[in-house]
Amino acid sequence: METNYALNGRVRTSAAVSKKSGAGKAGAKLLPYAMVAPSIAVFCVFILYPIGYMIYLSFFHWNLIGPKTFIGLENYLDLLHDADFWQVMGNSFLYMFLMVSFSLMIPLLLAFTLKQDTRLNKFLQGVLFTPYIVSLVSISYVWMWMMDSDYGLINYLLHLFGMSPVGWLSDPSVALPSLIFVSVWKGIGYNTIIFISSMETIPQYLYEAANLDHAKKHTVFFRITLPMISPTIFFLTLMNIISAFKVFETVNLMTQGGPMNSTNTLVYDIYQYGFQFYKIGYASAMGVVLMGIIGICTVLYFRALSRRIHYR
-2 METNYALNGR VRTSAAVSKK SGAGKAGAKL LPYAMVAPSI AVFCVFILYP IGYMIYLSFF
58 HWNLIGPKTF IGLENYLDLL HDADFWQVMG NSFLYMFLMV SFSLMIPLLL AFTLKQDTRL
118 NKFLQGVLFT PYIVSLVSIS YVWMWMMDSD YGLINYLLHL FGMSPVGWLS DPSVALPSLI
178 FVSVWKGIGY NTIIFISSME TIPQYLYEAA NLDHAKKHTV FFRITLPMIS PTIFFLTLMN
238 IISAFKVFET VNLMTQGGPM NSTNTLVYDI YQYGFQFYKI GYASAMGVVL MGIIGICTVL
298 YFRALSRRIH YR
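Under the working numbering, the first residue of the sequence shown carries the number -2, and numbering increases by one thereafter.
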């Protein structure tokens, strides 16, 4: 039995009211999906599709011009038997380990030193942060000049002190550490500022209690400061790991993977095989391997350290 409702001078049945309310509930349920639909579309087009197409191409031989030839797992088998690939893999892991280590330890010590709110510290923080906002291309060219074996500023200073010149970018044993130094130098200011911001959120009463207990500075640092900023350390470590595996500009501009393949990394090797040698399938297989390495490192890192993070 329908019930009549009088609303604004019009008579509406209970069925009509129920129908409208049902439509309103359905619209309310679909609204969140409609709001995230543009982001999902962008994610699918610019991230999921390229990943899927890369995996698809890794099973083919293709030179960008001729037809694709399906070869199955041949590209991956060639990778396993390629000595240069394993050297590139070793370079990438060494670069990642050293770059992440120095990019965290040095800024952490600087942040602990410069966290006091003084004019001098503010000035030094600004000086440290400046390289981060400068173009990496500009920084690379400046350091290429400074590290030049014949006319570089660093070797000139070494000569003034009676020391032998160093092939910073031409010696296979020194070239990779030189690139790591440039990367650490560029990002040191950003990491320092992040650490200082995190330290400023630590409750002051913890330091006051430690002071009352006459705790030493290193004890305060390891027992209070480090645990309280552990979420920041966790975040910066993960971001630096991913960034280290994706390094390209510094290698491309300063060494082009040389000398003797000593500074070649996975991303630059992918670029060479894809856009210089036109081995798209082989480059795609290397891209899949790189994606797998980053994914595995991320999962292992989360499982190993996520439970040890102290969230306030």
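Backbone N, C-alpha and C define an ideal beta-carbon position, used for all residues, glycine too.
Let me know the secondary structure DSSP gives residue i once reduced to three states.
i	result
Asn249	helix
His211	coil
Phe57	strand
Thr229	helix
Thr189	helix
Thr198	coil
Thr260	coil
Tyr2	Confidence at Tyr2 is low in this model, with a pLDDT of 48, below 50, so the placement of that residue is unreliable and no value is reported for it.
Ser146	coil
Val179	helix
Ile62	coil
Val244	coil
Ser167	coil
Gly254	coil
Asp75	helix
Gln273	coil
Taking residue i as the reference, which of the options has the closest Cα?
i	options	result
Lys243	Met141, Phe120, Ile277 and Tyr265	Tyr265
Ser310	Tyr73, Ile151 and Asp147	Residue 310 cannot be examined here, being either before or after the span of the chain that is shown, -2 to 309.
Val85	Ser240, Phe299, Val286 and Thr295	Val286
Val97	Tyr268, Trp142, Ile293 and Thr234	Thr234
Trp182	Val131, Asp81, Ala25 and Val42	Val131
Ala241	Val179, Arg220, Phe126 and Leu223	Val179
Leu105	Ala34, Ile190, Pro47 and Val163	Ile190
Ile177	Pro35, Thr198 and Ser259	Ser259
Met236	Met196, Tyr46, Gly292 and Glu71	Gly292
Thr198	Ile52, Thr222 and Ala212	Thr222
Leu70	Pro64, Gly186, Ser55 and Lys22	Ser55
Ile193	Pro128, Gln113, Gly184 and Met32	Gln113
Met257	Asp81, Leu45, Ile44 and Lys22	Asp81
Ser167	Gly184, Leu155, Leu154 and Gly149	Gly149
Phe90	Leu133, Phe126, Ile239 and Tyr268	Ile239
Ile226	Asn188, Ala172 and Thr127	Asn188
Tyr270	Asn118, Asn72, Ile185 and Lys22	Asn72
Leu101	Gly186, Arg300, Gly87 and Leu209	Gly186
Asp147	Phe299, Phe126, Pro29 and Trp165	Trp165
Met196	Leu107, Ile68 and Leu117	Leu107
Ala333	Leu302, Tyr268, Met32 and Tyr92	In this structure the chain extends from -2 to 309, so residue 333 is not present and cannot be described.
Give a yes or no on whether 7 Å exceeds the smallest Cβ distance from residue i to chain D.
i	result
Ala108	In summary, chain D is missing from the structure at hand, where a single protein chain is found.
Please report the residue range of the alpha helix (DSSP H) in which residue i lies.
i	result
Glu45	Checking the sequence, you will find Leu at residue 45 rather than Glu. Per DSSP, Leu45 belongs to no alpha helix (DSSP H) and is neither H nor E.
Ile293	Ile277 to Leu302
Lys112	Lys112 -> no alpha helix (DSSP H), and no H or E assigned at all.
Tyr138	Leu133 to Met143
Pro162	Neither: Pro162 is in no alpha helix (DSSP H) and is coded neither H nor E.
Leu315	Nothing about residue 315 can be reported from this structure: the residues present for the chain run from -2 to 309 only.
Could you name the residues that DSSP lists as bridge partners for residue i?
i	result
Phe90	In DSSP, Phe90 forms no bridge with anything.
Thr222	Paired residues: none, contrary to the question.
Phe67	Phe57
Subject >> Three or more C-beta pairs below 8 Å linking the region 110 to 122 and the region 246 to 258 >> reply: Segments in contact, no.
Original post:
Are the region 228 to 248 and the region 264 to 281 touching by the rule of at least three beta carbon pairs closer than 8 Å?
Top reply: Taking 8 Å as the limit for Cβ pairs, the verdict is that the region 264 to 281 does touch the region 228 to 248.
**OP:** Pair every Cβ in the region 57 to 67 with every Cβ in the region 269 to 284, then say whether three or more of these pairs are closer than 8 Å.
**Re:** Yes, the region 57 to 67 is in contact with the region 269 to 284.
Original post:
On the three-pair Cβ rule with 8 Å, is the region 223 to 232 touching the region 156 to 167?
Top reply: At 8 Å Cβ cutoff, the stretches do not touch.
Original post:
So does the region 195 to 205 actually touch the region 216 to 225, counting three or more Cβ pairs closer than 8 Å?
Top reply: Yes: the two stretches touch, three or more of their Cβ pairs being nearer than 8 Å.
Original post:
Are three or more beta carbon pairs between the region 61 to 76 and the region 282 to 302 nearer than 8 Å?
Top reply: At 8 Å Cβ cutoff, the stretches touch.
**OP:** May I ask you to verify whether the region 23 to 37 touches the region 49 to 56, counting CB pairs closer than 8 Å and requiring at least 3?
**Re:** Because the criterion of three Cβ pairs below 8 Å is not met, the region 23 to 37 and the region 49 to 56 do not touch.
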